[in-house]
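Participant:
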Amino acid sequence: MKNWLTIGQFAKASGLSPRALRIYEDMNLLVPPYRGDNGYRYYQESQLSEAARLKEFKDLGFQLEEVKALLQADRELDKSRLVRSLSHRLDLVREQSDQLQDQRRQIEQLLSSLKNNTKPISADERRAIMSYQGNPAIVVTGIQGLQKTAEYIQKHLQDRHIPLLFWSENLELPESYILVLPEDNLGDKGVENLAPNVIVLNSVSGSDSAIRKNYLRLYNFVGSHVTTVIHAEDQALLEIVSNERIRGTYYQYYSKNRALEKQIKKIGGLVCSGSELSMYGYNLQKEAVHLKLESPLGFTDELALLSSLAAVMKLGLPTESLCLK
1198 MKNWLTIGQF
1208 AKASGLSPRA
1218 LRIYEDMNLL
1228 VPPYRGDNGY
1238 RYYQESQLSE
1248 AARLKEFKDL
1258 GFQLEEVKAL
1268 LQADRELDKS
1278 RLVRSLSHRL
1288 DLVREQSDQL
1298 QDQRRQIEQL
1308 LSSLKNNTKP
1318 ISADERRAIM
1328 SYQGNPAIVV
1338 TGIQGLQKTA
1348 EYIQKHLQDR
1358 HIPLLFWSEN
1368 LELPESYILV
1378 LPEDNLGDKG
1388 VENLAPNVIV
1398 LNSVSGSDSA
1408 IRKNYLRLYN
1418 FVGSHVTTVI
1428 HAEDQALLEI
1438 VSNERIRGTY
1448 YQYYSKNRAL
1458 EKQIKKIGGL
1468 VCSGSELSMY
1478 GYNLQKEAVH
1488 LKLESPLGFT
1498 DELALLSSLA
1508 AVMKLGLPTE
1518 SLCLK
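According to our numbering, the sequence shown is numbered sequentially starting from 1198.
#1: Is there contact here, the segment 1485–1493 with the segment 1447–1454, by at least three beta-carbon pairs under 8 Å?
#2: Drop a sphere of 10 angstroms on the beta-carbon of residue 1380, count the other beta-carbons inside from all chains shown, and report buried for 16 or more, exposed for fewer.
#3: Note down, in chain order, each residue of its chain lying with its Cβ closer than 7 Å to the Cβ of residue 1224, except the 5 sequence neighbours on either side.
#4: For residue 1345, tell me which candidate among 1230, 1375, 1454 has the shortest Cα-Cα distance.
#5: Looking only at its chain, what residues have a beta carbon closer than 7 Å to the beta carbon of residue 1214, apart from the 5 residues adjacent to it on each side?
#6: Tell me the residue span of the beta strand (DSSP E) that contains residue 1359.
#7: Which residues does DSSP pair with residue 1224 in a beta bridge?
#8: Taking DSSP's pairing of strands, which residues face residue 1285 in a bridge?
#9: Please classify residue 1388: does DSSP put it in a helix, a strand, or coil?
#10: Roughly how many whole angstroms lie between the Cα atoms of residue 1425 and residue 1257?
#11: Have a look at the DSSP bridge pairing and note the partners of residue 1541.
#12: At the level of alpha carbons, what is the spacing between residue 1334 and residue 1234?
#13: Tell me the DSSP bridge mates of residue 1396?
#14: Taking the alpha-carbon of residue 1423 as reference, which of 1393, 1406, 1280, 1361 has the nearest alpha-carbon?
#15: Tell me which same chain residues have a C-beta within less than 7 Å of the C-beta of residue 1210, skipping the five on either side of it?
#16: Under the rule that 16 or more other beta-carbon atoms within 10 Å means buried, what is residue 1405, buried or exposed?
#17: Give the DSSP-derived three-state secondary structure of residue 1237 in the structure shown.
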């Protein structure tokens, strides 16, 4: 087939991964015009220019739904629409520059501390450094769906090769990890010395004083850089996180109830109804990120997926790397 490219050839020529190309096809962004009897996709060489344009818009920070509208405007030579979209994007970049300036100052302070101080860096400084590197230390705890949540997190972070570990009192943890820690083990020796920068609180067995005390042991050595992931509809969990020690951390809520969307939009987190997923504060963006789950899931598995997505919302991941099934 002259001038036709397989998905592998097109991916190599365009610089887009085969997985990204399949996502773009599902969204009707870049569709292969022919499929062989074997099910293989075939692209035309002429589509490489459109792929380059798509990649250019993505590199500018536009979300896929925005890219779709921009490509349509580009095809229709709608210059005014392109100007409006690019101007709006520029405004967002300017707003985000203030946040980046704050991060720059914080990193400079850390560097100064590291260069001038012979003492070991503090747990809080270590968490900040790991967070900036995108190599987090994540603890998944609670009573339900822990392993599934951790497996989803590992899939989102598959390019970073972060190990998934299961708690034991003699476990030696690397700097970056995903740790499954059941609620029943929160009282174990050594838990109070953990220093994660993301804590995922799945459903809990209750909120009496003994249970609260055990959960608070996770926060012995955490500081302002820690993100706490919370199911917004779990009343017992909400009572636990109302403690002053946990309130000092960042919250990321997740919910299947659209009635909570307004509150979550202000605080940060995600809401999912059916296959429609809305993420607020993804990678510090002020605009919502809208995605679709790729396949229906059972209730428990869906909650595990949602909590895993909330856990990685501030780690600088491109949306294409997220597992949505």
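Backbone N, C-alpha and C define an ideal beta-carbon position, used for all residues, glycine too.
Facilitator: The short version:
#1: Output reads no: the segment 1447–1454 does not touch the segment 1485–1493.
#2: buried
#3: 1261, 1265
#4: 1375
#5: 1208
#6: First-last for residue 1359: undefined, no H or E at that position.
#7: Per DSSP, none; premise fails for residue 1224.
#8: Residue 1285 pairs with nothing; no bridge assigned.
#9: helix
#10: 30 Å
#11: No statement about residue 1541 is possible, as the shown extent of the chain runs from 1198 to 1522 and does not include it.
#12: Cα atoms of residue 1334 and residue 1234: separation of roughly 46 Å, rounded to the nearest angstrom.
#13: 1336, 1425
#14: 1393
#15: 1202, 1245
#16: exposed
#17: Three-state result, residue 1237: coil.
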